[in-house]
Amino acid sequence: MKYLWQSLKTYKKEAILSPLFKLLEACMELVVPLVVSHIVDVGIGNGDKAYIVHGILVLVAFGAAGLAFALTAQYFAAKAAVGTSAKLRSRLFSKLQSLSYEDIDGVGTSQMITLMTSDITQVQAGINHTLRLLLRSPIIVFGAAAMAFTVDVYAGLVFLILIPLLTIVIVLVMAACTPLYKKVQEKLDGVNLSVRENLQGVRVIRAFCREEKEQAVFDGRNSDLCAAQKKAGRVSAITNPLTFCFVDLAVILLIYVGGVRVSLGALEQGDIVALYFYITIILAELVKLANFIYIVAKAVSSAHRIEAVLDLDGEPDLYAPPEEETGDLAVAFENVTFTYRGGGAPSLSDITFSARKGETVGILGGTGAGKSTLIGLIPRFYRAEEGTVRVNGARTDAIPRERLREIVAVVPQKTLIFQGTVRSNLLWGNGKASEEDLMRAVRLAQAEDVVAAKGGLDGEIAQEGKNLSGGQRQRLSIARALVRDPEILILDDSSSALDYATDARLRSALKTLDCTTFIVSQRTASVRHADKIVVLDEGRIAGIGTHGELLENCSLYREINASQGGEEA
Amino acid sequence: MKKRSTLHEIMRRLRPYAPWLVLTAAAAILSVAGQIMAPYFIGKAIDGLVYTVNAAGKRVIDFGYIYRYFAIIAVCVAATVAGQFILSLTNNRIAYHVLASLRRDAFAKIGVLPLKYIDNRAYGDVSSVILSDAEQFSDGLLLGFTQLFTGGATILGVLVIMFVMRWEVALVVLVVTPLSLVAAKFIASKTYKMFKAQAEARAEQTAFADEMIAGLKVVKAYTHEDENERTFDALNEALRKKSLSALFFSSTTNPVTRFVNSVVYALVALTGAFLAISTAGAAAPFTVGNLTTFLSYSNQYTKPFNEISEVIAEFQNALACAARLFALIGEPEESSDEGLPALGNVRGSMEVRDVSFSYTPERPLIENMNISVGAGMRVAIVGPTGCGKTTLINLLMRFYDVDDGAIYVDGRDIRTITRRSLRENFGMVLQDTWLKTATVRENLCMGNPAATEQEMINAALAAHAHGFIMRLPHGYDTVLGEEGSLSEGQKQLLCIARVMLCRPPMLILDEATSNIDTRTERLVQDAFQKLMEGRTSFVVAHRLSTIENADFILVMKAGNIIEQGTHRELLAKNGFYRELYEAQFEGN
């Protein structure tokens, strides 16, 4: 829980003041039985009506003061809970942004979104209730006990027996419940999975006539969940009756002790009334507390999930002392082997090749050949654990992250355009780009008609670019990369949604740039004019050369070329 | 669904639990009775603490009197404890069992609802009904049972006892307590707007976070982290402010109602004390013990009031959830095919006769379509996006029923046989790949659980999937994640292997190789060709190179078949097919 504490620290003042005012409120409440006992002993005892009225006014005044203190406490509690969770959320967001690609893969998008939304909300509710109730309750309970001692030491001993018993009950129930609720949550995940999967795969399931089998799987998970819920419910069902039982037994003990003390002349009847009320105050408080235990239990398990992610290390700026950029090689791979975390066999094995500055390099290969993996190593999205990748002559490990990603611009296979305007998306490439820079990039990317269709650079773009077609998105995302004016441009199968004519125009436009360009594709037509083509097959280099050279000496390239209707060698 | 019929349906669902409900009611009464009676007898016991002074000048207390009440109090406590425990257990049981059966029925609907229903809704909408609506309904049911029932019983019981004991004091309690309800309602109506503003701010922030988290890799590639952080923090700060006001103002309810309660308490003390003085020495005095009891009752009486406003809101919500849930469960199902004969093994001839179909009556799609396919033919369907290719497949598989006309397999109308037997005769690979969260093995054997290891490996080899499967961490026993680390192309190869293992008499390939590179595609096509020898197949593709050697090509446009014939015939026609064919080589 260390991050939670750190975030809470900013609201130290509120986190202290809130329980403090709760304490004052509790005092106001704790005084009530004393006043009543005086009304009983003095007012009723002597038939003094003025005294009674006076006492009642005091009661109301204490109530009003209690209200004022309570409101102040609630304000501080709300401020601390909301502020802490906002802080935690902001922290989590920046942590998620700092994760390496490997950790992004590991945590997974859906978990990240759940963490940012539902888990944080649970934690906020937990903090709020903790400040308001979990702290108020001990104050009331111990306060009531302390007041009982001021009334009579022997009667106070009854409280001294009661409180540890009740504490044990609550701690035990809480300890037993937390893992049970976690289990419920896990079982719920299984039911969730069934539902989501069956909705998404409804055609396949029906086509394979699997409805009954899927129902059987669901029924199993559903009854597991039901059993887990009943189990958690059974345990938490013990709290209230046990509390009642202990408290009422304490009342009996109290009246007995009270009787003895009254007969000894140490106490009056009114004192017993006051003591009895202290016990009922404790009871009311604990019943309230029991109802919130599960909120706190849920918050604790959510906090653990969040902390696990916050504990991950962000991607470091450098993995090695910085090196100078020299030479005329833009990119060089030296005996690089790479395996994805949790992957079996390497996705890339023993890759060696280089690209001179200004060259156009084609990366060609079939499904799962390792093309995207290879280009992902250049901007250090992933790190090669064996061999060396160099950019501008320096090891990528030895180039600061921001600098490296300034040099290299990647247009990913899966294009992503964000909510905002055409301009705001293009400015991702370079926040300082001028109007002319933007339009130049748009022209190069063959995206003038996209901008025109949206009514200019300030045209609105919906979330995830939903108001654009696949081809339009692709061209905008190429323009975004060009705005960056990168030294190295990587197009990862970025023209798959473009028709052949546009694709060809785009390629000749890119030729006019003086940057080093990588074109990743399955189509030989897209790479045939490159200065150098790297052919990949199951993670290994099957051939390097120009279109003509490869046709001559690379059988795989010939096959691919032929399968696409290209000319024979 | 109307509120009345929702309640009616809830009652119907609860009927099997009638004995448990009776037990719940009994337990509630037992526990409330115990809780109400205990303060009364405690008051009596406290009355016993009045001492007399004996001859020796010592104070004497009648402990015998007190002990008698101790026994009664113990009985009350036992009743409360037993009642509460039984109440919780039976309520848990009823709520969770009803929940499980509702979830089960709702889930079963996925298997029998017409696809039209599912296709027309976002998955999230349907799953939130099955999961969160069901959950909230059961929570509401549980809370409603426990609170409304015991709360109501407590209010009534306490009121009766107070009136019996001393109507004057009871009247004070009766009149003043509802003030707390008024106060709670006032605060709730004021905070409603604040909660709405908070929900809006939260939605805005969630939308931003969703988009950026989904695009995290792009964010990092463009080192856009700092800008994002600034935007996020601005949204976060806005949310913080809105949350603070909503949370604070809503949390004033408790202190305010507590204050009202303390006023009630003071008034009870006042009237009680005055009464005690004025009735002192009378035949029926208002004793200190009575006052104690009353004060305790006023606490017990006001507590349910504080909870009731909360419970009512919760219960309204539960009813709304139940209405959505019952609407889903009551949704009309696909027409039943019980009692219809099975198709049996087919030779694979297929006829579409005078078929018309549209998803919505306003937008006619397929009209008067006629196709005749002999057994063992390879049929290709081509045409621009939205021309009705996938719709035709929906009809062949009977995912949708035709509006007019009929489809025949081996001369039998597909509506006169069971869906299951029809679909068993088809193998299907769609562009949209779907794999279960399960091992590769389970996924491959989905259509043919009896397949041997060797058969499975052969299918994977034929689909060119064996190589990458072996490179997965645990080979065929690797569990595929929901998102999965496989590329789209690899998923398609798995789907193809899955179908190859079934060896169905008829095959449907809907853009089945669209994400696979052309070379692998050609190899997979060869494997299909071998597999499909003598079997009927339908292939939808946008790469015309993959369909050139079909026996028969249907060219579709806007729901109609505008040309049909072999590749050569169609090229010779110089029509739409030729246009499509040539467009793909433009600029190459």
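Residue numbers (numbering that gives the first Met the number 0), protein chains in the order written: chain C, 0 to 568; chain E, 0 to 587. Note that CB positions come from ideal geometry on N, CA and C, so glycine has one too.
{"Query": "How close, in whole Å, do the beta carbons of Thr338 (chain C) and Ser346 (chain C) come, if the pair is a contact with beta carbons under 8 Å?", "Result": "6 Å"}
{"Query": "Taking Arg103 (chain E) as the reference, give the member of C:Gly428, C:Cys225 and C:Tyr255 with the closest Cα.", "Result": "C:Cys225"}
{"Query": "Within 9 Å of any Cβ in chain E, is that where the Cβ of Leu171 (chain C) sits?", "Result": "no"}
{"Query": "Hey, out of E:Thr5, E:Ala77 and E:Phe62, whose CA is closest to Val31 (chain E)'s CA?", "Result": "E:Ala77"}
{"Query": "What is the rounded straight-line gap between the Cα of Gln418 (chain C) and the Cα of Leu456 (chain C)?", "Result": "14 Å"}
{"Query": "Ser536 (chain E) CB to nearest chain C CB: under 9 Å?", "Result": "no"}
{"Query": "Is Ser295 (chain E) close to chain C, meaning its C-beta is less than 9 Å from at least one C-beta of that chain?", "Result": "yes"}
{"Query": "Which residues bound the alpha helix (DSSP H) around Leu584 (chain C)?", "Result": "The requested residue 584 (chain C) is not part of the displayed model; chain C covers only 0 to 568."}
{"Query": "Count the other CB atoms, across all protein chains shown, that sit within 10 Å of the CB of Tyr381 (chain C); report buried if there are 16 or more and exposed otherwise.", "Result": "buried"}
{"Query": "Can you find a C-beta in chain C that's less than 9 Å from the C-beta of Asn298 (chain E)?", "Result": "yes"}
{"Query": "Taking only beta-carbon positions, decide if Leu248 (chain C) is within less than 9 Å of chain E.", "Result": "yes"}
{"Query": "In this structure, what does DSSP give as the bridge partners for Gln563 (chain E)?", "Result": "E:Leu553"}
{"Query": "What does DSSP give as the partner residues of Glu366 (chain E) in its beta bridges?", "Result": "Bridge partners of Glu366 (chain E): none, in fact."}
{"Query": "I'd like to know if Leu246 (chain E) contacts chain C, where contact means its C-beta is closer than 9 Å to some C-beta of that chain.", "Result": "yes"}
{"Query": "For Val57 (chain C), which of C:Gln268, C:Gln73 and C:Ser36 has the nearest alpha-carbon?", "Result": "C:Ser36"}
{"Query": "Taking beta-carbon pairs under 7 Å, can you tell me which members of the stretch 374-398 of chain E lie near chain C?", "Result": "Met396 and Phe398"}
{"Query": "Would you say Gln521 (chain C) and Arg474 (chain C) are within 9 Å of each other, going by their C-beta atoms?", "Result": "no"}
{"Query": "Given that Asn91 (chain E) touches chain C, what residues does it touch there, using C-beta distances under 8 Å?", "Result": "Gln228, Lys229, Gly232, Arg233 and Ala236"}
{"Query": "Counting only runs that start and end within the stretch 350-424 of chain E, where is the beta strand (DSSP E) found for 3 or more residues in a row?", "Result": "365-372, 377-381 and 403-408"}
{"Query": "Quick one: Cα of Ser554 (chain C) to Cα of Ala541 (chain C), how far?", "Result": "9 Å"}
{"Query": "Write down the C-beta distance between Asn289 (chain E) and Met164 (chain E) rounded to the nearest angstrom, noting that I regard them as a contact closer than 8 Å.", "Result": "6 Å"}
{"Query": "Return the chain-ordered ranges of every alpha helix (DSSP H) run that is complete within the stretch 180-241 of chain C and spans a minimum of 4 residues.", "Result": "201-206 and 210-236"}
{"Query": "Of all Cβ atoms in chain E, is any one closer than 9 Å to the Cβ of Ile167 (chain C)?", "Result": "no"}
{"Query": "Should Lys572 (chain E) be labelled buried (16 or more other beta-carbon atoms within 10 Å of its own) or exposed?", "Result": "exposed"}
{"Query": "Classify Met505 (chain E): buried if its beta carbon has 16 or more other beta carbons within 10 angstroms, exposed otherwise.", "Result": "buried"}
{"Query": "If distances are taken between C-alpha atoms only, which option among E:Ile392, E:Thr291, E:Ala496 and E:Asn442 comes closest to Gly558 (chain E)?", "Result": "E:Ile392"}
{"Query": "Against chain C, with Cβ distances strictly below 9 Å, would His96 (chain E) count as a contact?", "Result": "yes"}
{"Query": "Classify Leu506 (chain E) as helix, strand or coil using the three-state DSSP reduction.", "Result": "strand"}
{"Query": "Quick one: what's Met427 (chain E) bridged to in DSSP?", "Result": "E:Ile507"}
{"Query": "What does the Cβ neighbour count give for Glu482 (chain E), buried or exposed, with the cut at 16 atoms within 10 Å?", "Result": "With a pLDDT of 44 at Glu482 (chain E), under the threshold of 50, the predicted position of this residue should be treated as unreliable, though the coordinate-derived value follows. Glu482 (chain E) is exposed by the Cβ-count criterion."}
{"Query": "Would you say His566 (chain E) lies against chain C (beta-carbon separation less than 9 Å)?", "Result": "no"}
{"Query": "Just the C-alpha distance for Ser295 (chain E) and Asn45 (chain C), rounded to the nearest angstrom, thanks.", "Result": "23 Å"}
{"Query": "For Thr517 (chain E), which residues in chain C fall below 8 Å Cβ to Cβ?", "Result": "Gln521, Arg522, Ile559, Ser562 and Gln563"}
{"Query": "Got a sec? Which residues, its chain only, sit under 6 Å from Ser348 (chain E) by beta carbon, not counting five neighbours each side?", "Result": "Gly373, Ala374 and Asp409"}
{"Query": "DSSP has Thr5 (chain E) in a bridge; who is on the other side?", "Result": "According to DSSP, Thr5 (chain E) bridges with nothing at all."}
{"Query": "Between the alpha carbons of Thr9 (chain C) and Thr83 (chain C), how many angstroms are there, rounded?", "Result": "8 Å"}
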